[in-house]
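>
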Amino acid sequence: MTKPDRTPHPQLSPALNRVADTLAANPELGSHGQVAEVARAAGVNPSTVVRYAQALGYNGWPALQQELRATYLAGLNARETLRRHNGEESSGAVHRALRRDLANLRAALDTVDPEAADAAIEAIHTAERTLVVASGSYVAPAHLLAHLGPTMGLPITLEGRGGVHLATALSGIGPGDCVVAVSFWRQTRETLLAARIAAEAGATVVAVTDTNSGVAAHARHVLKVPSEGLSFFQSTTAAVSVVYGLLAGLGARRGAEADAALRRTEELWDTLGALGAPGGSPAAPH
Numbered sequence: 001m002t003k004p005d006r007t008p009h010p011q012l013s014p015a016l017n018r019v020a021d022t023l024a025a026n027p028e029l030g031s032h033g034q035v036a037e038v039a040r041a042a043g044v045n046p047s048t049v050v051r052y053a054q055a056l057g058y059n060g061w062p063a064l065q066q067e068l069r070a071t072y073l074a075g076l077n078a079r080e081t082l083r084r085h086n087g088e089e090s091s092g093a094v095h096r097a098l099r100r101d102l103a104n105l106r107a108a109l110d111t112v113d114p115e116a117a118d119a120a121i122e123a124i125h126t127a128e129r130t131l132v133v134a135s136g137s138y139v140a141p142a143h144l145l146a147h148l149g150p151t152m153g154l155p156i157t158l159e160g161r162g163g164v165h166l167a168t169a170l171s172g173i174g175p176g177d178c179v180v181a182v183s184f185w186r187q188t189r190e191t192l193l194a195a196r197i198a199a200e201a202g203a204t205v206v207a208v209t210d211t212n213s214g215v216a217a218h219a220r221h222v223l224k225v226p227s228e229g230l231s232f233f234q235s236t237t238a239a240v241s242v243v244y245g246l247l248a249g250l251g252a253r254r255g256a257e258a259d260a261a262l263r264r265t266e267e268l269w270d271t272l273g274a275l276g277a278p279g280g281s282p283a284a285p286h
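Per the UniProt record's numbering: the sequence shown = residues 1 to 286.
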């Protein structure tokens, strides 16, 4: 999808070009302003702002604004992001974080394409093997996919260490394989390179990210997930929810295969004494 810039677009009307100019000149307004505020700044009707978003291929203003917000935040470093929240008190921070994540989850209902999500489930299900690549705090949702997927018998591994470990993991990736790249905000260089290398090798790349650029540019299936947080870090709550959805879809897709694999996993849990006894009491030693 096309990003707003200040270059006139001949195919757009003068009014739509005024919206483009306004958004390009005021990135913070575009990332946080209401439709009426953008329209007022551009000197157009609110409906014109919506038409501009649709002209770029978005469903409406909220979808375009999510892209603008991700792009704006990606231009801030950690200290600048923290300064944006410096006026907020420490008291009540937990509930503000919960409200922020609720907003991210609501936005994800619009930004995550259901067809892309179903295609990602099919890609992982049919892949000879799936490599999940992430780093830092983005390993959280990546770890869930790589941890719970194998309990259903899926050949999924995680590489979050980078360097020579990532090179080794990517060395045998090719057609028939799937790489899930998880990265947000100021995207990590190694995850971006891993997505590119995997795509060039013929693997199916699934991007779990917050923008249409970066790892998304190398992905066949993009799951665009809002990640705005309350401090210097991004929130992966919505991404975790998306991963849980992928796992649920994989379980339904695999059916009896998943059931058999889970039975074997539970037998191993019992053999290892890995879980507590029902009711919370420690399990008796085996």
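We treat Cβ as the ideally placed atom computed from N, Cα and C, and that holds for glycine.
Quantities reported herein were computed from a predicted structural model and do not represent experimental measurements.
Ordered along the chain, which non-local residues of its own chain (more than five positions away) have a Cβ less than 8 Å from that of D118?
Numbered from its first residue, the sequence shown carries residue 118 at position 118. The answer, listed in chain order, is G249.
> Quick check: the Cα distance between L73 and W185, rounded to an integer number of angstroms?
Your numbering for residue 73 matches position 73 in the sequence shown. Your numbering for residue 185 matches position 185 in the sequence shown. Answer to the nearest angstrom: the Cα atoms are 7 Å apart.
> With DSSP as the reference, label E67 as helix, strand or coil.
Locating residue 67 in the sequence shown gives position 67, counting from the first residue. In this structure, E67 counts as helix in the three-state DSSP scheme.
> Indicate the three-state DSSP secondary structure (helix, strand or coil) for A219 in the structure shown.
In the sequence shown, counting from the first residue as 1, residue 219 sits at position 219. Three-state result, A219: coil.
> For A42, which residues of its own chain have a beta-carbon under 6 Å away from its beta-carbon, when the five flanking residues on both sides are left out?
Residue 42 sits at position 42 when you count from the first residue of the sequence shown. Once the five neighbours on either side are set aside, the close Cβ partners of A42 are R18, V19, T22.
> By the three-class DSSP mapping on this structure, what secondary structure does T7 have?
For the purposes of this step, residue 7 is identified with residue 7 of the sequence shown, where counting begins at 1. Note that T7 has pLDDT 47, beneath the 50 cutoff, so the model's placement of it is unreliable and the number below is only indicative. If DSSP states are grouped into helix, strand and coil, T7 belongs with coil.
> Inspect the beta-carbon positions of A238 and L68 and report whether they are closer than 8 Å.
The count along the sequence shown starts at 1 and reaches residue 238 at position 238. The count along the sequence shown starts at 1 and reaches residue 68 at position 68. No; because the gap between Cβ atoms is not below 8 Å, this pair is not in contact.
> Which whole runs of the alpha helix (DSSP H) in the UniProt domain "SIS" (120 to 256) are 4 residues long or more, in chain order?
Qualifying alpha helix (DSSP H) stretches, in chain order: 139 to 148, 163 to 171, 189 to 200, 237 to 254.
> Out of Q11, A201, Q65, state which residue places its alpha-carbon closest to the alpha-carbon of A24.
In the sequence shown, residue 24 corresponds to position 24, counting from 1. Of the listed residues, the one whose Cα sits closest to A24 is Q65.
> For L23 and chain B, any beta-carbon pair shorter than 8 Å?
The chain labelled as chain B is not found in the depicted structure, where only one protein chain is given.
> Apart from the five residues on each side of it in sequence, which residues of its chain come closer than 6 Å, Cβ to Cβ, to G153?
Locating residue 153 in the sequence shown gives position 153, counting from the first residue. Same-chain partners within the cutoff: E257, A261.
> If you draw a straight line from the alpha carbon of R99 to that of S241, how long is it in whole angstroms?
Stepping through the sequence shown from its first residue, residue 99 is reached at position 99. Stepping through the sequence shown from its first residue, residue 241 is reached at position 241. Computed Cα separation, rounded: 15 Å.
> Could you tell me if P175 is buried or exposed, where buried requires 16 or more neighbouring beta carbons within 10 angstroms of its beta carbon?
Walking along the sequence shown from the start, residue 175 turns up at place 175. Answer is exposed; the Cβ neighbour count stays below 16.
> Going by other Cβ atoms of all chains shown within 10 Å of its Cβ, with 16 needed for buried, is G202 buried or exposed?
On the sequence shown, residue 202 is found 202 positions in, with the first residue counted as 1. So G202 ends up on the exposed side.
> Going along the chain, which residues of its own chain have a beta-carbon closer than 8 Å to the beta-carbon of T151, five neighbours each way excluded?
Residue 151 sits at position 151 when you count from the first residue of the sequence shown. Excluding residues within five positions, the ones whose Cβ falls inside 8 Å are A261, L262, T265.
> May I have the straight-line CA-CA distance separating A120 from A97, to the nearest angstrom?
Stepping through the sequence shown from its first residue, residue 120 is reached at position 120. Stepping through the sequence shown from its first residue, residue 97 is reached at position 97. Approximately 29 Å between the Cα atoms of the pair.
> Give the DSSP-derived three-state secondary structure of Q34 in the structure shown.
Sequence index remark: in the sequence shown, residue 34 carries index 34 (1-based). DSSP places Q34 in coil when its eight states are reduced to three.
> Taking the alpha-carbon positions, what's the S13 to D210 distance?
Residue numbering aside, residue 13 sits at position 13 when the sequence shown is read from its first letter. Residue numbering aside, residue 210 sits at position 210 when the sequence shown is read from its first letter. If I take the Cα positions, the gap works out to 29 Å.
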